[in-house]
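Protein chains in written order, with the numbering used here: chain A, 404 to 703; chain B, 0 to 296.
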Amino acid sequence: MKRDAIADIVPAVRPRSRRLTPARIGVYGFLIMAALFFLVPLYVMLVTSVKPMHEIRLGNLFALPMSPTLAPWRSAWQSACTGLECEGIRGGFWNSVWITFPSMVLSIAVGAVNGYALSFWRPRGANALFAVLMMGAFIPGQVMLYPLVRALAAVELYSTLPGIVLVHVIFGMPMMTLLFRNYYASLPEELFKAARVDGGGFWRIFLELMLPMSTPVIVVAAIMQVTNIWNDFLLGLVFAGSDNLPMTVQLNNIINTTTGERLYNVNMAATILTSLVPLALYFLSGRWFVRGIAAGAVKG
Amino acid sequence: MVAIRKNRAACWSAYIALLPMVLTVLGAYIGTMLWTARVSVSSARIFPTGDFVGLGQYERLFRNARWLLSLENLAIYGVLFVAGCLVLGFLLAVFIDQKVMGEGALRTVFLYPYAMSFVATGLVWQWILNPELGIQRVVRRLGFTDFTFDWIVDQDKALYTIVLATVWQASGLVMALLLSGLRGIDDELWKAARIDGIPVWRVYVSIVLPLLWPALSTALILLFALVIKLFDAVVAMTQGGPGTATEVPAKFIMDYLFGRANIGLASAASIVLLTTVVAIVAPLYYARAKAVQRGLK
Chain A
404 MKRDAIADIV
414 PAVRPRSRRL
424 TPARIGVYGF
434 LIMAALFFLV
444 PLYVMLVTSV
454 KPMHEIRLGN
464 LFALPMSPTL
474 APWRSAWQSA
484 CTGLECEGIR
494 GGFWNSVWIT
504 FPSMVLSIAV
514 GAVNGYALSF
524 WRPRGANALF
534 AVLMMGAFIP
544 GQVMLYPLVR
554 ALAAVELYST
564 LPGIVLVHVI
574 FGMPMMTLLF
584 RNYYASLPEE
594 LFKAARVDGG
604 GFWRIFLELM
614 LPMSTPVIVV
624 AAIMQVTNIW
634 NDFLLGLVFA
644 GSDNLPMTVQ
654 LNNIINTTTG
664 ERLYNVNMAA
674 TILTSLVPLA
684 LYFLSGRWFV
694 RGIAAGAVKG
Chain B
0 MVAIRKNRAA
10 CWSAYIALLP
20 MVLTVLGAYI
30 GTMLWTARVS
40 VSSARIFPTG
50 DFVGLGQYER
60 LFRNARWLLS
70 LENLAIYGVL
80 FVAGCLVLGF
90 LLAVFIDQKV
100 MGEGALRTVF
110 LYPYAMSFVA
120 TGLVWQWILN
130 PELGIQRVVR
140 RLGFTDFTFD
150 WIVDQDKALY
160 TIVLATVWQA
170 SGLVMALLLS
180 GLRGIDDELW
190 KAARIDGIPV
200 WRVYVSIVLP
210 LLWPALSTAL
220 ILLFALVIKL
230 FDAVVAMTQG
240 GPGTATEVPA
250 KFIMDYLFGR
260 ANIGLASAAS
270 IVLLTTVVAI
280 VAPLYYARAK
290 AVQRGLK
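Structure below.
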C-alpha cells in the first residue's frame, strides 16, 4: 500500500502507477472483491427475475438462466397480487409518480424560499426557528406519526394524495432549507445589496435574481427528493391511504403476503421495477447524487 | 422615512414567506412532540383521553419484554451497523484513493445500493440468505453437504443478517463522504510523512483519520439517523422474526400505534426514543460544529 508519486495527489491530474508491485495487486484485489460483494445482489436480482420457477427450484442462485423469460416481469407489472387485488405493481408505480412529483416541486419551492429569506433577509427570530427546524430533522418519525394522522384527519386530508404530499413536504423541509440556505450563503452579499438599492422587493429579487442562479442547487435538491420520496416506505404506509399506496409498500405486500408458493422470479422483477427510477437517476446523475449527500453536511 | 417603510414592507414579505416553516416548526415538530408527551402520561388506548396516569405507561413499557428486547436489539444493531459502515467505508475510500484505474466505475458500484430503498434491498438479501434456495443451497450443491448458513431464520443470528444487508447498503455513503475528505488533505502532509519515514498505515491512523473528523462526524450523524429509523429493512427481511428476534423500537411503536391500538404505550416509547436520540446526537452535533468552526478559521 505504498504511495507512489506522492506529490501528485491532486485529483485533476493523477498519473497512475504502472508498476505492478505486490502492494498494487493487494489494492486491486481488495477493490475487486469489494466490487463483487456490492454487485452480487444486483446480479442475483437480475438473473432470478428472468428465470422460470422450475429453474429457480434447482437452487442455482448464481447460475445464468438456461431459458430466459420475461414472463415474471410482465406478471410483476400487471398481475402479481398485492394483497387482495392482483393487478401487479403498475398501480403503485403511478401512485409513486403522483406522490413524488408534487412533493418534490413543493418541497423545493418551500426550501428555496426559506433558504433565501434566512440568508439575505434574516428577519428577527428566524435563526432560532432554523435551529429548531434542524433539530426537527433528528426527531424520530414515530414521535410525529400519530399526532399528524389526527391533525390530517381533522382537516380531511388523511389517506389522500394532498395529505401524503404535505407530509413529505414537512419531512423534507429541514434538508431542503439547509441545502438552499448554504447555497445562498455562498453567493456574494453585494449582489443582493445592489438589487435592494435598485428597489427590488422580496419576491422580485427572489424570482428574477436568485432563482435563475439556483439551477445547480435545484438539480441536487431534485435528485435528493426524488430518491428519498420514491424510496419512502413508512410515510406512504401510514399516510397515503389504500388508493395511493406507493410502489415500495405494494412491493412489500407482493412479497410478504403471498400465500402458496413464493414466486421468487416475480418478486425480484417487482423489486427491480421498484428500484428502477432511483437507480436510473443515480446512474445518470453521477456526481450530482454525491453532491447531494455532502451538500447539507459540509457547513452544518 | 420612505426607505424605512420599504424595509418594513419587505420584512413583512419575509415573514409571510417563512410562514410554512413557522407552521412546520410549531405544528409539526413542537406541537406533535408536546401532544405525544401528553398522551404518554394518559391511559389512552384507541383514542386520546384527558386523564393523567403519571408515569404508569413508562413503568409498563419497561416491564414489557418485547420493548426491552427491541432496545437491546437496536443497541447491538446500532453498534455493529455504525462500526461496519465506518470500517468498510473507510477502507473503500482509502483503497480508491490509491490512484487506481476505473475509479469512477468503482465509486458508482460502491454507492448504488444507497440509491435503492431499504425495502428493495431487504427483499434481495432475504432472497439470497434464504436457506432453501439461497447461498446455503448453492454451497451444499458444490458438495459441502453439511454447510449451514441459515442465520436469517435463526433466533440468535437473524439480527446480524439485517446488519449485513444495511451495511452493504450504507457503507458507500461513508466511502463518498470520506473520499472527498481524503481529497482535501494537503499533499505536503504526505511528502513530510515520507521524508520522516513514517509507514503509510501509521499516517492514515494517526494523522489522516483525525483530519477526517468533520467528514467522519457527518457520516456518524447520518448513520445514527438511519439506526433510529430502522424499520423498512426489518419489515422487508424478517418482519421482526423469527419469533421476536429482530424486533426494533420503531417497529414496536408502529405495532402499538396501528396494530394493537395502545397509543398511550406507543407514545411513551416514542418519547423514550426521542430522549435517546437527543442524548446521543446533541453532543455529536456540538462536537462537529466545533470541528467545522476550527476548520474554517
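Beta carbons: idealized from backbone N, C-alpha and C, even for Gly. Remember, predicted model here, so these are calculated numbers, not experimental data.
In three-state DSSP terms, what is residue i?
i, result
"residue 485 (chain A)", "strand"
"residue 681 (chain A)", "helix"
"residue 561 (chain A)", "coil"
"residue 97 (chain B)", "coil"
"residue 245 (chain B)", "coil"
"residue 428 (chain A)", "helix"
"residue 412 (chain A)", "Caution applies to residue 412 (chain A), whose pLDDT of 32 falls short of 50 and renders its modelled position unreliable; the value that the coordinates give is listed next. If DSSP states are grouped into helix, strand and coil, residue 412 (chain A) belongs with coil."
"residue 577 (chain A)", "helix"
"residue 102 (chain B)", "helix"
"residue 251 (chain B)", "helix"
"residue 63 (chain B)", "coil"
"residue 120 (chain B)", "helix"
"residue 469 (chain A)", "coil"
"residue 265 (chain B)", "helix"
"residue 52 (chain B)", "coil"
"residue 404 (chain A)", "Its pLDDT being 33, under 50, residue 404 (chain A) is placed unreliably in this model, and the value from its coordinates should be taken loosely. Correct three-state label for residue 404 (chain A): coil."
"residue 154 (chain B)", "coil"
"residue 238 (chain B)", "coil"
Answer with yes or no whether the minimum CB distance from residue i to chain A is below 8 Å.
i, result
"residue 285 (chain B)", "no"
"residue 41 (chain B)", "no"
"residue 346 (chain B)", "Lying outside 0 to 296, the shown extent of chain B, residue 346 (chain B) is not represented and no answer is given."
"residue 140 (chain B)", "yes"
"residue 13 (chain B)", "yes"
"residue 83 (chain B)", "no"
"residue 175 (chain B)", "yes"
"residue 136 (chain B)", "yes"
"residue 133 (chain B)", "yes"
"residue 57 (chain B)", "no"
"residue 35 (chain B)", "yes"
"residue 299 (chain B)", "Chain B is shown from 0 up to 296; residue 299 (chain B) falls before or after that span and cannot be answered."
"residue 130 (chain B)", "no"
"residue 209 (chain B)", "no"
Output yes or no for whether 8 Å exceeds the beta carbon distance between residue i and residue j.
i, j, result
"residue 144 (chain B)", "residue 151 (chain B)", "no"
"residue 605 (chain A)", "residue 16 (chain B)", "yes"
"residue 583 (chain A)", "residue 518 (chain A)", "yes"
"residue 50 (chain B)", "residue 39 (chain B)", "no"
"residue 173 (chain B)", "residue 121 (chain B)", "no"
"residue 451 (chain A)", "residue 587 (chain A)", "no"
"residue 166 (chain B)", "residue 223 (chain B)", "no"
"residue 69 (chain B)", "residue 187 (chain B)", "no"
"residue 220 (chain B)", "residue 280 (chain B)", "yes"
Hey, residue i and residue j are a contact pair by Cβ (cut 8 Å); roughly how many whole angstroms apart?
i, j, result
"residue 226 (chain B)", "residue 26 (chain B)", "Contact flag wrong, Cβ pair sits at about 27 Å."
"residue 550 (chain A)", "residue 31 (chain B)", "4 Å"
"residue 623 (chain A)", "residue 691 (chain A)", "6 Å"
"residue 572 (chain A)", "residue 510 (chain A)", "5 Å"
"residue 495 (chain A)", "residue 648 (chain A)", "6 Å"
"residue 608 (chain A)", "residue 695 (chain A)", "About 26 Å; that fails the 8 Å criterion."
"residue 59 (chain B)", "residue 264 (chain B)", "6 Å"
"residue 218 (chain B)", "residue 85 (chain B)", "7 Å"
"residue 108 (chain B)", "residue 438 (chain A)", "5 Å"
"residue 24 (chain B)", "residue 539 (chain A)", "7 Å"
"residue 676 (chain A)", "residue 497 (chain A)", "The Cβ separation is near 12 Å, so there is no contact."
Would a check of beta-carbon distances place residue i closer than 8 Å to chain B?
i, result
"residue 450 (chain A)", "no"
"residue 425 (chain A)", "no"
"residue 653 (chain A)", "no"
"residue 624 (chain A)", "no"
"residue 404 (chain A)", "Note that residue 404 (chain A) scores 33 on pLDDT, short of 50, meaning its location in the model is unreliable; the coordinates nonetheless yield the value given after this. Cβ-Cβ to chain B under 8 Å: yes for residue 404 (chain A)."
"residue 501 (chain A)", "no"
"residue 604 (chain A)", "yes"
"residue 595 (chain A)", "no"
"residue 464 (chain A)", "yes"
"residue 414 (chain A)", "At residue 414 (chain A) the pLDDT is 44, less than 50, meaning the model places this residue with poor confidence and gives no usable figure here."
"residue 505 (chain A)", "no"
Closer than 7 Å: is that where the CB of residue i sits relative to any heavy atom of the ligand NAP?
i, result
"residue 249 (chain B)", "Of the ligands one can find in the structure shown there are none, so the ligand NAP has no counterpart to examine."
Open item on the list: Would you call the region 652 to 660 of chain A in contact with the region 94 to 108 of chain B, where contact means no fewer than 3 C-beta pairs closer than 8 Å?
Closed with: No, the region 652 to 660 of chain A does not touch the region 94 to 108 of chain B.
Task: Short-range partners of chain C found in the region 227 to 242 of chain B, where Cβ spacing is below 8 Å - done: Among the protein chains of the structure shown, namely A and B, there is no chain C.
Task: At least three beta-carbon pairs within less than 8 Å, the region 440 to 451 of chain A to the region 100 to 118 of chain B - done: yes
Task: Given 8 Å, three or more beta-carbon pairs between the region 499 to 515 of chain A and the region 628 to 637 of chain A - done: yes
- [ ] Inspect the CB distances between the region 533 to 548 of chain A and the region 224 to 243 of chain B and report whether three or more fall short of 8 Å.
- [x] yes
- [ ] Report yes or no: do the region 193 to 212 of chain B and the region 232 to 242 of chain B share at least 3 C-beta pairs separated by less than 8 Å?
- [x] no
Open item on the list: Pairs of beta-carbons, one from the region 458 to 472 of chain A and one from the region 124 to 141 of chain B, closer than 8 Å: are there three or more?
Closed with: yes
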